[in-house]
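Just so we're aligned, residue 33 is where the sequence shown starts under the working numbering, counting upward by one.
One structure below.
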Amino acid sequence: MGNTIIGQALPNIPWEDRAANCSEVLWRYSQNPVIKRNHTPRSNSIFNSAVVPYQGVFAGVFRVDDTRRLMNVHSGRSQDGWHWEIDPSPIEWEVDDPEIAPFVHRYDPRVCWLEDRYYVTWCNGYHGPTIGMGYTYDFKSFTQMENSFLPHNRNGVLFPRRINGKYAMYSRPSDNGHTPFGDIFYSESPDLIHWGKHRWVMSPKSWTWQSTKIGAGPTPIETTEGWLLFYHGVLTSCNGFVYSMGVALLDLDQPWKVIYRSAPYLMSPQTLYENVGDVPNVVFPCAALTDAATGRISIYYGAADTVTGLAFGYVDEILDFLKANSEL
Ligand code: BMA
């Protein structure tokens with residue numbers, strides 16, 4: 033293993049070997065959930081959250097719905113990626129323009145190291161949901177930037193480097209409510225403020241686990257074969273939405289071109305903490321840690337809109353699975 037991921041070694045990646053009786057490509061941490069719903073004093077739930085390596089340890093931005101059921105994002109730190117200290121109060125964003133400052137809701141954050149700082153994207157309430165963006169150097173002070181798109185949009189996921197000289201982001205244009213549709217699009221920007229040159233990436237697929245809507249998950253992972261993207265896909269059952277996780281490989285220079293896309297899901301909600309909670313039957317990946325030296329990938333995902341779980345896999349096995357099970 034090793035050499036497939038283009039990136040840094042992360043010898044302290046949180047990791048648990050696959051159990052002897054498990055044959056899944058992606059396997060769950062045996063002690064899931066890693067973050068429970070009442071981890072901070074007034075949290076109703078902590079899920080759909082993003083973590084990154086930070087100065088030899090770990091930091092992150094967490095979706096915390098409080099006991100009023102307001103949705104907001106909080107900063108957190110961890111020595112080992114397993115045990116998290118999450119601020120009981122939400123992030124206070126510094127923002128120059130009062131027009132975009134008011135809090136409506138902030139949820140489903142992603143964090144991306146890009147050039148010289150950590151950028152945070154999230155679903156931001158501004159006359160409807162859209163993509164909010166900001167940055168931090170230290171996970172203590174945070175600066176809010178312009179919203180990336182007009183409402184309505186969700187699941188804004190930045191690329192960790194420029195592509196052909198431009199910043200790049202996936203997003204999922206949507207509507208004001210609990211969107212019953214959705215394709216992933218690619219957009220580029222010269223300055224992380226103005227976004228354009230939008231390209232269609234992929235649509236839902238009828239009669240499958242990803243038949244209703246899809247959305248990018250963690251920051252895309254650069255590999256020798258393309259960008260590896262974990263994403264969520266939604267099926268509408270007679271009893272509501274079911275959120276599963278799939279994977280795709282996209283062209284390194286033209287990341288709107290799909291090379292492989294998993295026909296089966298990689299992981300669907302099958303454990304008690306994924307099936308039972310505030311919103312049943314949800315796995316929702318928002319972050320992945322990678323160790324380029326060993327090919328290990330550790331995925332943080334929200335479960336049932338209530339708690340946060342970890343799942344593990346090897347990049348080469350995931351790519352083999354993808355190639356053997358791809359339908360574009
Ligand atoms: C989506 C978002 C996610 C959530 C999911 C399932 O539209 O709101 O935050 O996990 O629905 O409720």
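Think of the CB as a built atom: it goes at the ideal place given N, C-alpha and C, for glycine as much as any other residue.
#### Entry: His210: CB within 7 angstroms of a non-hydrogen atom of the ligand BMA
yes
#### Entry: Asp337 vs Val308 beta-carbon contact at 8 angstroms
no
#### Entry: Sequence-distant residues of the same chain with beta carbon closer than 8 angstroms to Glu223, five excluded per side
The sequence shown places Asp at residue 223, rather than the Glu named in the question. Excluding positions up to five away in sequence, the list reads Tyr199.
### Query
Can you tell which of Phe181, Asn76, Leu282 and Gly108 has the C-alpha that lies nearest to the C-alpha of Phe191?
Leu282
### Query
Which residues, in chain order, sit with a beta-carbon under 6 angstroms away from any heavy atom of the ligand BMA?
Asn80, Tyr139, Asp140, His210, Tyr275, Val311, Val314, Phe316, Gly334 and Asp337
### Message
Considering just the uninterrupted stretch of the beta strand (DSSP E) at Asp97, what are its terminal residues?
### Response
Val89 to Asp98
### Message
Quick check on Pro205: does DSSP put it in helix, strand or coil?
### Response
strand
### Query
Skipping 5 residues on each side, what residues in its chain have a beta carbon closer than 8 angstroms to that of Arg149?
Tyr167, Thr168 and Tyr169
#### Entry: For Tyr139, the three-state DSSP class (helix, strand or coil)
strand
### Message
Quick check on this structure: which residue in Val57, Ala52 and Leu342 has the alpha carbon closest to the alpha carbon of Phe23?
### Response
Beyond the ends of the chain as shown, which are 33 and 360, falls residue 23; an answer cannot be given.
### Query
So, Trp59 versus Phe273, is the Cβ gap smaller than 8 angstroms?
no
### Query
Is Asn187 closer than 8 angstroms to Gly247 when the C-beta atoms are compared?
yes
### Message
Taking only three categories from DSSP, how would you classify Glu124?
### Response
coil
### Query
Looking at the unbroken beta strand (DSSP E) that takes in Ala320, where does it start and where does it end?
Val315 to Asp323
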